[in-house]
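See structure below.
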Amino acid sequence: MQNQVNSSYLQLFLRESGTAAMLDIEQLPDVSDVDAIALFDWMSSKRSFSVSEVKGQRWIKTCSAGYVTELLLKEDGTLEEFTLFNRLPTKGWWKLEQGVLDLEIVKNDNTYRSRVIANKSVNIHSAIEYKNGELHSYLKLAQVMPVAQSA
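Laid out in structure tokens, this is it:
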């Protein structure tokens, strides 16, 4: 699993640094062939998720094609996803693996998987998504904070 997490970081770095549009895990260069200073700077802008900030929380998810959904990550490891405007529901699962948020969403005959990497400075995070095992999209996920209850 450690290699998958490391590959996810490298894959996202290459996308966000502009080095490559999107590369499948099998296409990634050896880490020794990557600009070490740029990778270190990018890594310093990331952090690990904690269970307390993830479970029971709502998120807005958007992809590079403009599709926008709302996610609810339930405390039992399941999730619900709704299209933002017409509220079409789908289901899935989530888990934390070494501080990385793994999502799996099933829509009809399609399975979407992504590994979300936490941003250190703002609550807008990034992921690369796979559809049925094939490279599919670049994602941004924003945590939606609950409204404070008045006394």
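Position in the sequence shown counted from 1, then plus 8, gives you our numbering. Glycine included, each C-beta is placed from N, C-alpha and C at the ideal position.
Residue i versus residue j - alpha carbon distance
| i | j | result |
| --- | --- | --- |
| Trp67 | Ala150 | 5 Å |
| Val152 | Ser122 | 19 Å |
| Asp41 | Met51 | 16 Å |
| Gln35 | Leu18 | 11 Å |
| Gly74 | Leu92 | 12 Å |
| Asp110 | Ser53 | 19 Å |
| Asp43 | Thr27 | 10 Å |
| Leu143 | Thr119 | 12 Å |
| Thr70 | Glu89 | 12 Å |
| Ile33 | Gly64 | 30 Å |
Collapsed DSSP secondary structure at residue i in the structure displayed
| i | result |
| --- | --- |
| Leu143 | strand |
| Leu111 | strand |
| Val155 | coil |
| Leu47 | helix |
| Asn14 | helix |
| Val39 | helix |
| Ser60 | helix |
Candidates the options, of which the one nearest residue i by Cα
| i | options | result |
| --- | --- | --- |
| Ala126 | Asn14, Phe57 and Leu22 | Phe57 |
| Glu24 | Tyr75, Glu142, Asn140 and Ser134 | Ser134 |
| Glu105 | Gly26, Ala73, Asp41 and Gly85 | Gly85 |
| Leu87 | Leu96, Gly100 and Val124 | Gly100 |
| Phe21 | Asn94, Ala46, His144 and Ser40 | Ala46 |
| Asn145 | Asn131, Leu31, Lys103 and Leu79 | According to the sequence shown, residue 145 is Ser rather than Asn. For the residues Asn131, Leu31, Lys103 and Leu79, the minimum Cα distance to Ser145 belongs to Leu31. |
| Glu61 | Asn140, Asn131, Thr98 and Tyr138 | Asn131 |
Buried/exposed call for residue i, threshold 16 Cβ in 10 Å
| i | result |
| --- | --- |
| Thr77 | buried |
| Met9 | Note that Met9 has pLDDT 43, beneath the 50 cutoff, so the model's placement of it is unreliable and the number below is only indicative. With fewer than 16 Cβ atoms within 10 Å of its Cβ, Met9 is classed as exposed. |
| Val108 | buried |
| Ile113 | buried |
| Leu160 | Because the chain in this structure spans residues 9 to 159, residue 160 falls outside the shown range and cannot be described. |
Residues sharing a beta bridge with residue i, DSSP
| i | result |
| --- | --- |
| Phe90 | Glu78 and Pro97 |
| Ser122 | Leu111 and Glu137 |
| Leu104 | Leu109 |
| Gln65 | Leu81 |
| Ile132 | Ala150 |
| Thr70 | Val76 and Lys148 |
| Arg55 | Ala126 |
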